[in-house]
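Here the protein sequences come in this chain order: A and B. Note that our numbering numbers the first sequence so that position 158 is 158, with each residue one more than the last. Heads up, our numbering is the position in the second sequence plus 383, with the first residue counted as 1. Using N, Cα and C, we set each Cβ at its ideal position, and we do this for glycine too. This report concerns only the one structure given below.
There are 2 protein chains.
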Amino acid sequence: MAEIVIWGAGRVGRGIAADLCRDGQHELTVVDASETALEQVRDRCEGELRTRCADLSDPAAARASAAEHDLVIGALASRLGMTALRAVIDAGRPYCDISFMEEDPLELDRAAREAGITAVVDCGVAPGLSHMLAQRSVDDLDRADRVTIYVGGVPRERRWPFEYKAGFAPRDVVAEYTRPVHLREHGRETVRPALASRELIDVEGIGTMEAFLTDGLRTLVRSLEVPNLAEKTLRYPGHAELMAVFREAGFFDEQPRRVGEVSVRPIDLFSELVFPLWSYRPGEADLTVMKVAVEGERRGAAVRDEWHLYDAYDPHTDTTSMARSTAYPCTAVARLLLDEQVPGPGVIPPERIAENPARLERVLTSLRERGVRIGRRETNPAE
Amino acid sequence: MAEIVIWGAGRVGRGIAADLCRDGQHELTVVDASETALEQVRDRCEGELRTRCADLSDPAAARASAAEHDLVIGALASRLGMTALRAVIDAGRPYCDISFMEEDPLELDRAAREAGITAVVDCGVAPGLSHMLAQRSVDDLDRADRVTIYVGGVPRERRWPFEYKAGFAPRDVVAEYTRPVHLREHGRETVRPALASRELIDVEGIGTMEAFLTDGLRTLVRSLEVPNLAEKTLRYPGHAELMAVFREAGFFDEQPRRVGEVSVRPIDLFSELVFPLWSYRPGEADLTVMKVAVEGERRGAAVRDEWHLYDAYDPHTDTTSMARSTAYPCTAVARLLLDEQVPGPGVIPPERIAENPARLERVLTSLRERGVRIGRRETNPAE
Chain A
1 MAEIVIWGAG RVGRGIAADL CRDGQHELTV VDASETALEQ VRDRCEGELR TRCADLSDPA
61 AARASAAEHD LVIGALASRL GMTALRAVID AGRPYCDISF MEEDPLELDR AAREAGITAV
121 VDCGVAPGLS HMLAQRSVDD LDRADRVTIY VGGVPRERRW PFEYKAGFAP RDVVAEYTRP
181 VHLREHGRET VRPALASREL IDVEGIGTME AFLTDGLRTL VRSLEVPNLA EKTLRYPGHA
241 ELMAVFREAG FFDEQPRRVG EVSVRPIDLF SELVFPLWSY RPGEADLTVM KVAVEGERRG
301 AAVRDEWHLY DAYDPHTDTT SMARSTAYPC TAVARLLLDE QVPGPGVIPP ERIAENPARL
361 ERVLTSLRER GVRIGRRETN PAE
Chain B
384 MAEIVIWGAG RVGRGIAADL CRDGQHELTV VDASETALEQ VRDRCEGELR TRCADLSDPA
444 AARASAAEHD LVIGALASRL GMTALRAVID AGRPYCDISF MEEDPLELDR AAREAGITAV
504 VDCGVAPGLS HMLAQRSVDD LDRADRVTIY VGGVPRERRW PFEYKAGFAP RDVVAEYTRP
564 VHLREHGRET VRPALASREL IDVEGIGTME AFLTDGLRTL VRSLEVPNLA EKTLRYPGHA
624 ELMAVFREAG FFDEQPRRVG EVSVRPIDLF SELVFPLWSY RPGEADLTVM KVAVEGERRG
684 AAVRDEWHLY DAYDPHTDTT SMARSTAYPC TAVARLLLDE QVPGPGVIPP ERIAENPARL
744 ERVLTSLRER GVRIGRRETN PAE
């Protein structure tokens with residue numbers, strides 16, 4: 001029996017714990033700084049589960065926790081991602097993480113190699129599964145010209161004025177709308193503003209959505225040798241324009257502004273007013289959709305290869321589709337790690353999971369067994 | 384020679400002073416609390432003009448100033464409108480005002496009657512000329528069913544993200560978007576939210592504009608016996624939705640909100656960030672458009688009677704169309720007051736000017752001579 005520790009008892013952490021609990025094959029411990037969050041995770045899991053209240057922003061505590069287990073799963077806030085990765089390397093334990101840290105995790109690749117451990121990072125839905133699917137499609141072509149990843153989480157009900165709720169920390173959502181976007185165009189690495197290059201696309205089961213550039217490619221910009229490479233976020237139409245207006249007028253600014261007698265950061269007032277409107281009500285349904293579109297050539301013929309993912313809120317376990325679709329790629333890779341099926345040692349980006357088609361198949365089967373709909377369709381773009 | 388005093392040397396006050404100066408028939412004095420504003424008015428006027436620096440928010444100062452002149456013209460900020468009206472009544476001087484005070488000026492009607500003076504209020508473009516044109520069309524029909532006043536000032540150049548600049552105090556613009564709208568529907572006085580009942584209308588010389596309810600009918604709600612009566616503001620399409628989102632999210636709130644360590648009124652931060660984007664640059668052109676549409680019946684036939692007004696920034700005198708189209712109805716009525724052509728005594732709403740067609744004709748001729756385009760078109764709505 002492997003001893004697994006899950007760091008973080010937020011929405012995704014709870015989804016990971018519940019899923020691994022159902023396996024009945026591991027000794028599971030969940031660590032979080034919040035006793036309330038730990039209570040929720042105990043309520044959610046059917047089976048044996050230990051919980052421990054500890055502050056993992058303390059590197060020594062994280063290292064000690066890692067050292068006590070065979071495998072560490074990271075589901076902490078993005079700002080704690082790098083500290084967590086350092087701690088598992090120091091403790092010499094295999095790792096699988098969904099934190100989507102702002103820093104470049106590959107900077108610790110050498111340290112991970114030296115420690116002889118395998119750490120799979122960015123292992124959620126996007127980045128994560130998105131990169132695996134892109135890698136697989138590119139490998140299946142003789143030449144790939146263009147990869148576009150479309151992905152988004154939205155509430156099922158569209159309510160004015162934002163028609164949006166945040167499936168994860170709303171500050172991280174705003175960061176997606178402000179952070180410069182790194183992509184590849186005509187073979188060159190380029191930087192473009194977020195919210196740009198808007199287009200409408202029809203999504204099965206939802207209808208017409210709007211797609212716009214955000215910075216989610218990460219390692220893929222360098223690891224995938226495709227001349228045109230972009231990630232676009234999906235929302236209900238109109239959201240990008242609204243966010244662009246707020247950004248342009250300065251409401252996302254982090255710099256304090258003088259307002260009468262006081263000084264205030266515009267983003268703080270925006271958070272105060274808007275984030276309550278972006279909060280899911282208890283039991284409110286969300287949807288997660290992803291399309292990975294790869295264009296290229298096989299045996300002289302133009303090919304368009306598309307992956308489609310659709311997932312919805314699970315009312316039986318009160319699990320958001322955002323938590324489900326993020327947790328299940330992570331638990332699938334955790335099982336591969338336990339079976340020593342992941343290449344290493346080093347810091348491994350998710351696309352490398354797909355280098356072996358059978359390995360990707362295990363991940364996809366795992367997601368489908370849990371009700372996440374994933375399809376693939378190849379068309380001739382000339383038709 | 385009549386001795387006229389103009390209170391206020393803002394954009395509209397300057398326009399009034401310059402226009403009356405060209406008459407060469409009056410002794411003119413302009414009073415303002417700002418020496419800079421008085422300097423600008425002296426620069427603008429070709430001819431004799433006295434200026435006096437005084438604070439007219441002091442009732443005694445206002446009363447003394449009124450008492451020294453034969454006629455008072457009010458072009459002060461809306462918050463000073465009621466004080467000014469009281470002062471002219473106390474001093475017993477005829478008055479013509481464009482301040483668009485928030486209070487109901489008719490509350491002072493009895494006092495004005497007792498003092499034996501005539502005070503024409505709301506005497507700009509809308510309210511003002513708008514009410515005169517509506518009154519005229521209603522009088523020309525056997526039965527009027529519907530009066531809709533469409534009016535707006537916009538920059539000639541449409542620039543993202545707001546495609547709007549404020550021709551008068553931007554706080555007063557926001558007040559238009561938040562103040563409940565008083566109108567008449569099916570014979571009943573009703574209150575509706577501002578920014579509601581949006582529609583697109585085509586405006587000659589501009590293109591498609593958006594119209595939405597604002598609270599500008601004032602006295603007309605009671606004085607005009609028409610079952611359907613509404614005022615709508617005109618903007619470039621999309622502005623109302625954007626303003627409705629800001630309002631809904633709370634950015635127009637006057638109540639302070641706790642933000643971290645400080646307390647801030649959301650409207651104050653909105654003003655700080657957005658009002659600079661709503662400011663006309665020096666020499667930037669604005670447009671003013673108005674349509675007064677009256678539907679009814681004459682000799683058993685359905686009739687639609689429409690007035691159209693169009694005015695543009697005057698680059699030669701650097702006068703905005705907002706100042707021109709507000710100042711010229713006021714100066715026209717001031718001349719009528721000097722000729723004792725206005726009914727009274729009492730507080731007179733602008734629609735009463737139009738009770739006499741020849742009197743309205745003098746106002747219209749005066750505007751046309753100054754380059755404001757005004758047309759009238761009668762159509763059969765069944766065709």
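Per DSSP, the continuous alpha helix (DSSP H) segment holding PHE629(B) begins and ends at 622-632. DSSP, read as helix, strand or coil, puts CYS479(B) in strand. ALA685(B) carries a strand assignment under DSSP once its states are collapsed to helix, strand and coil. Three or more Cβ pairs closer than 8 Å define a contact, and the stretch 508-515 of chain B meets that threshold against the stretch 736-753 of chain B. Rounded to the nearest whole angstrom, the CA to CA distance from VAL262(A) to ARG641(B) is 12 Å. Among the residues facing chain A, GLY643(B) is included, as its CB has a counterpart in that chain under 8 Å away. Look at the stretch 180-195 of chain A: it has no residue with a C-beta under 7 Å from a C-beta of chain B. Contact between the stretch 338-346 of chain A and the stretch 307-322 of chain A is not established, with fewer than three Cβ pairs separated by less than 8 Å. Going by C-alpha positions, ALA765(B) is about 32 Å away from LEU750(B).
The beta carbon of PRO155(A) is closer than 6 Å to those of LYS165, ASP286 in its chain, skipping five residues each way along the sequence. Runs of alpha helix (DSSP H) with 4 or more residues, each lying fully within the stretch 664-729 of chain B, are found at 704-721, listed in chain order.
Nearest neighbour of ASP318(A) by Cα position, chosen from GLN40(A), ILE206(A), ALA33(A), VAL5(A), turns out to be GLN40(A).
DSSP, reduced to helix, strand and coil, places ALA37(A) within a helical segment of the structure shown.
Ranked by Cα distance from GLY128(A), the first of ARG373(A), PRO349(A), ILE374(A) is PRO349(A). The Cβ neighbour count for TRP390(B), taken over all protein chains shown within 10 Å, is at least 16; the residue is labelled buried. The Cβ atoms of GLY621(B) and GLU540(B) do not sit closer than 8 Å to each other. Relative to the Cα of ALA392(B), the nearest Cα in the group ARG427(B), GLY407(B), GLN408(B) belongs to ARG427(B).
Among the CB atoms of chain B, none fall inside 8 Å of the CB of ALA166(A).
In terms of Cβ geometry, ASN356(A) and ALA301(A) do not form a close pair [threshold 8 Å].
Chain B places no beta carbon closer than 8 Å to that of ALA169(A), leaving this residue out of the contacts.
For VAL537(B), no CB of chain A lies under 8 Å from its own CB, so it is not counted at the interface with that chain.
Straight-line spacing of the CA atoms in LEU220(A) and ALA293(A) works out to 14 Å.
PHE251, ASP253, ARG257, ARG258, VAL259, GLY260, GLU261, VAL262, SER263, VAL264, ARG265, PRO266, ASP268, LEU269, PHE270, SER271, GLU272, LEU273, VAL274, LEU277: these are the residues of the stretch 251-281 of chain A whose beta carbon lies less than 9 Å from some beta carbon of chain B, given in chain order. Beta-bridge annotation (DSSP): ARG265(A) is not paired with any residue. Between VAL395(B) and THR709(B), the C-beta gap is smaller than 8 Å, which places the two residues in contact.
As for any alpha helix (DSSP H) of minimum length 4 sitting wholly inside the stretch 27-93 of chain A, the runs are 35-44, 59-67, 81-91, ordered along the chain. HIS569(B) sits in coil when the DSSP states are folded into three classes, being neither helix nor strand.
TYR533(B) is bridged by DSSP to LYS615(B), LYS674(B). For ARG376(A), there is no enclosing alpha helix (DSSP H); the residue is found in the beta strand (DSSP E) stretching over 373-379.
ALA474(B) is positioned such that its CB atom lies no closer than 8 Å to that of ALA458(B).
Contact between the stretch 479-495 of chain B and the stretch 453-471 of chain B is present: 3 or more CB-CB pairs across the two stretches fall below 8 Å. Near chain B, meaning a CB-to-CB distance below 9 Å, the residues of the stretch 216-245 of chain A are GLY238, GLU241, LEU242, ALA244, VAL245.
In this chain, GLY590(B) is not harboured by any alpha helix (DSSP H); it is covered by the beta strand (DSSP E) spanning 590-596.
Under DSSP, VAL221(A) forms no beta bridge with any residue.
For ASP406(B), the enclosing alpha helix (DSSP H) covers residues 394-406. The closest CA to that of GLY729(B), considering only HIS699(B), THR466(B), MET705(B), VAL504(B), is found on VAL504(B).
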